[in-house]
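Student: After the C-alpha cells below, expect a handful of questions from me.
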Amino acid sequence: MMNREYDVIVVGAGPAGSMAAKTVAEGKHSVLVLDKKQEIGTPKRCAEGINARVLASLDIKPDPRWAINNIRGAVCYSPSGNSVNTDLGAMGGYVLERKIFEKHLATQAIKKGARYMVKTNARKVLKENGFVKGVKADYMGEELELKSRIVIAADGVDSKIARDVGIDTKNVLEDYHSGFQYEMAGLKLEEEDKLHIYFGEKIAPKGYVWIFPKGDSVANVGIGILGKLSSDGNRAIDYLDRFIGSHPEIFQNASPIEINAGGVPMGSPLEDMVDNGFMVVGDAAHHVNPIHGGGISLAMEAGMIAGQVASEALDRGDVSKKSLQEYQRRWEDKFDTKLKKLI
Amino acid sequence: MVASVDRDKCMYCGGCVSICPTDALELMETFIKVDEDTCVGCGSCIRFCPVGALYEKDE
Numbered sequence: 000m001m002n003r004e005y006d007v008i009v010v011g012a013g014p015a016g017s018m019a020a021k022t023v024a025e026g027k028h029s030v031l032v033l034d035k036k037q038e039i040g041t042p043k044r045c046a047e048g049i050n051a052r053v054l055a056s057l058d059i060k061p062d063p064r065w066a067i068n069n070i071r072g073a074v075c076y077s078p079s080g081n082s083v084n085t086d087l088g089a090m091g092g093y094v095l096e097r098k099i100f101e102k103h104l105a106t107q108a109i110k111k112g113a114r115y116m117v118k119t120n121a122r123k124v125l126k127e128n129g130f131v132k133g134v135k136a137d138y139m140g141e142e143l144e145l146k147s148r149i150v151i152a153a154d155g156v157d158s159k160i161a162r163d164v165g166i167d168t169k170n171v172l173e174d175y176h177s178g179f180q181y182e183m184a185g186l187k188l189e190e191e192d193k194l195h196i197y198f199g200e201k202i203a204p205k206g207y208v209w210i211f212p213k214g215d216s217v218a219n220v221g222i223g224i225l226g227k228l229s230s231d232g233n234r235a236i237d238y239l240d241r242f243i244g245s246h247p248e249i250f251q252n253a254s255p256i257e258i259n260a261g262g263v264p265m266g267s268p269l270e271d272m273v274d275n276g277f278m279v280v281g282d283a284a285h286h287v288n289p290i291h292g293g294g295i296s297l298a299m300e301a302g303m304i305a306g307q308v309a310s311e312a313l314d315r316g317d318v319s320k321k322s323l324q325e326y327q328r329r330w331e332d333k334f335d336t337k338l339k340k341l342i
Numbered sequence: 000m001v002a003s004v005d006r007d008k009c010m011y012c013g014g015c016v017s018i019c020p021t022d023a024l025e026l027m028e029t030f031i032k033v034d035e036d037t038c039v040g041c042g043s044c045i046r047f048c049p050v051g052a053l054y055e056k057d058e
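Chains as they are written, first to last, in numbering that gives the first Met the number 0: chain A, 0 to 342; chain B, 0 to 58.
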C-alpha cells in the first residue's frame, strides 16, 4: 500500500475527506486517505445536527445506525425565557451518531476502491518544481514518503499540511468560537424531536447554547462563545456549567457520558483553496456557516466538489493551480453569495 | 513566557492549534505539543482554550 504512487492522497478522514475520496474513487482514480487518529470519528468535535436536504443532495440515504434521531423543528429561547417554536416540515433533519457516520462514509469510499490508513500523521508535503507531489507521514514511528499527483487537505481546524504549502489556514480570536459540549443522559426534555437553542449575552456571548437530542433522554448539550470573549472563569466550560445549573427542570437527573471541545472557524472561507497539485476542504478551509457555526454539510459538499474537480483535472492531465481553481469557483458559486449575505 | 499544557485538563480538541500565530502548537493523537522555541507568548491559545488547560510558564 505504501510504496505505490496514488492519483490523489487525502489527508483527514472526516466527512470532507471521505466524501472527496469516494468521489475520486468513483471517477476511477486511485486514492489513499490518511488519518492521524487511531480511530476515525473520535473524539467528536461537533453537535451532530444535519439537514435531511443535504444528505439527499449528496445521495446519502439516512440509516438508523447513524441518523439516530429525527428532528422536526427547533425551539429558540430568548434571554427572558420567551421561546419561538418552529416546524421544519416534512424534510427536517437528523442528529447523527458521528462516530458511526464517519466510519460509514469511509466504508462507502473503501467499497468504491479508496484505500485508508489510520494512525498516520501527514505533516509535510513533498514538492517538485512548484507542485505538491505527495506527503511525508509518520506511521507507528516510521517516516513514510507517499507520492501522489494531487493532495487534498481535509485535516480539520488544526490543519498543518496546508500551512506547509503556504496557504494560511490560521484563525484569529475575533473570528473563532470556543466550543464545549457534554453528551448527557437522563435529561428531561419536553420535545426530543426538536433542537433547542438558547440565546443571550450572559448565556453565551456572541454565540448560543444548544441541546441537540439523540433520543432516550440523551442529548448533546453544548456552547460556542466568541474566542475574544473567553477568559479565566468565563470560558466556554464555565458558561455551560452555569447554564446547566440554572435549568434543574431539564438537568436535575442528568449526567455526562462524554465531554467534547473544539474551535469553530467563523470567519470567511480561505481566499485561496488551491495550489499546484493541492486543494483544501472543510474546517481547514473555514467551510463553516457563520450564523449557526454548522460545518458538516458545507464540508461534505466541498469534499464532493473537490473530488469531482480532481478527477476531471487528472483526466485532462493538468493538476495546476489554474486547473484546480475550478473547485473554488464551483464551491463559491454554490455557497459564497449565500455566506456573504449572512456575514 | 511560553504556553504550557495541563495534560490532565486538555481535551486534545486541537482548537488552540489554529489560532497560534507562529505555528508553535501541534495536536498529536492525545496531547498538544508546544514548540517552546517558536512560541512568542502572545497568550491567544490560553484565552481561547474552552476548558483552561493552557497556562503561562516562565522560560
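All residues carry an ideal CB built from backbone N, CA and C; glycine is no exception.
Of the residues A:GLU311, A:GLU300 and A:ILE295, which one's Cα is nearest the Cα of A:GLU96?
Tutor: Here the question's residue 96 of chain A lines up with position 97 in the first sequence. A:GLU96 has its Cα closest to that of A:ILE295, out of A:GLU311, A:GLU300 and A:ILE295.
Student: Determine which residues of the segment 225-240 of chain A have a Cβ less than 8 Å from any Cβ of chain B, and write them out in chain order.
Tutor: Residues passing the 8 Å Cβ filter: GLY226, LYS227, SER229, SER230, ASP231, ARG234, ALA235 and ILE236.
Student: Residues of chain B with CB closer than 7 Å to the CB of A:ASP157, please, in chain order.
Tutor: Taking the first residue of the first sequence as 1, we reach residue 157 of chain A at position 158. Near A:ASP157 (Cβ distances below 7 Å), the residues of chain B are GLY13, VAL16, SER17 and LEU26.
Student: Report yes if the C-beta distance between A:ALA283 and A:ALA73 is below 8 Å; otherwise report no.
Tutor: Translated into positions along the first sequence, residue 283 of chain A becomes position 284. Translated into positions along the first sequence, residue 73 of chain A becomes position 74. No.
Student: Looking at C-alpha atoms only, which residue of A:GLU311, A:GLY266 and A:ASP274 is the closest neighbour of A:GLY293?
Tutor: Locating residue 293 of chain A in the first sequence gives position 294, where the first residue counts as 1. Checking every option, the nearest Cα to that of A:GLY293 belongs to A:GLY266.
Student: With a threshold of 8 Å between beta-carbons, can A:ILE258 be considered close to chain B, or not?
Tutor: Counting from one through the first sequence, the residue named residue 258 of chain A turns up at place 259. Yes, because at least one Cβ of chain B sits closer than 8 Å to the Cβ of A:ILE258.
Student: Looking at chain B, is there any beta carbon in it that lies within less than 8 Å of the beta carbon of A:PHE277?
Tutor: The residue you call residue 277 of chain A lines up with position 278 of the first sequence. It does not; no Cβ of chain B falls within 8 Å.
Student: Could you tell me whether any Cβ in chain A is nearer than 8 Å to the Cβ of B:PHE47?
Tutor: Here residue 47 of chain B is taken as the residue at index 48 of the second sequence, counted from 1. It does; some Cβ of chain A falls within 8 Å.
Student: Of the residues that make up the segment 112-146 of chain A, which ones have a beta carbon closer than 9 Å to any beta carbon in chain B?
Tutor: Residues LYS118, ASN120 and ARG122.
Student: Considering just the uninterrupted stretch of the beta strand (DSSP E) at A:ASP137, what are its terminal residues?
Tutor: Residue mapping note: residue 137 of chain A aligns to position 138 of the first sequence, counting from 1. Its beta strand (DSSP E) spans residues 130-138.
Student: So with Cβ pairs under 8 Å, would you call B:ASP22 a contact of chain A?
Tutor: Translated into positions along the second sequence, residue 22 of chain B becomes position 23. So, interface residue.
Student: Measuring only between beta-carbons, confirm whether A:LYS102 sits less than 8 Å from chain B.
Tutor: What you label residue 102 of chain A is simply residue 103 of the first sequence in a count that begins at 1. By this cut-off, A:LYS102 is not an interface position.
Student: Strictly below 9 Å CB to CB, what residues from chain B border A:SER177?
Tutor: Residue numbering aside, residue 177 of chain A sits at position 178 when the first sequence is read from its first letter. By Cβ distance, chain B contributes GLY14, ARG46, PHE47, CYS48 and PRO49.
Student: Just the C-alpha distance for A:MET116 and A:ILE290, rounded to the nearest angstrom, thanks.
Tutor: Walking along the first sequence from the start, residue 116 of chain A turns up at place 117. Walking along the first sequence from the start, residue 290 of chain A turns up at place 291. Those two C-alpha atoms are separated by around 35 Å.
Student: I need the boundaries of the alpha helix (DSSP H) containing B:CYS44, first residue and last residue.
Tutor: Start at 1 with the first residue of the second sequence, and residue 44 of chain B comes out as number 45. Note, B:CYS44: alpha helix (DSSP H), 43-47.
Student: Spell out the partners DSSP gives A:HIS195 in its beta bridges.
Tutor: Counting from one through the first sequence, the residue named residue 195 of chain A turns up at place 196. DSSP lists A:VAL74 and A:ILE210 as partners of A:HIS195.
Student: Just to confirm my understanding: we take A:ALA51, look at its own chain, exclude 5 residues before and 5 after, and list those with CB closer than 6 Å. What are they?
Tutor: Working through the first sequence from its first residue, we reach residue 51 of chain A at position 52. Answer for A:ALA51: MET90, GLY91 and GLY92, listed in chain order.
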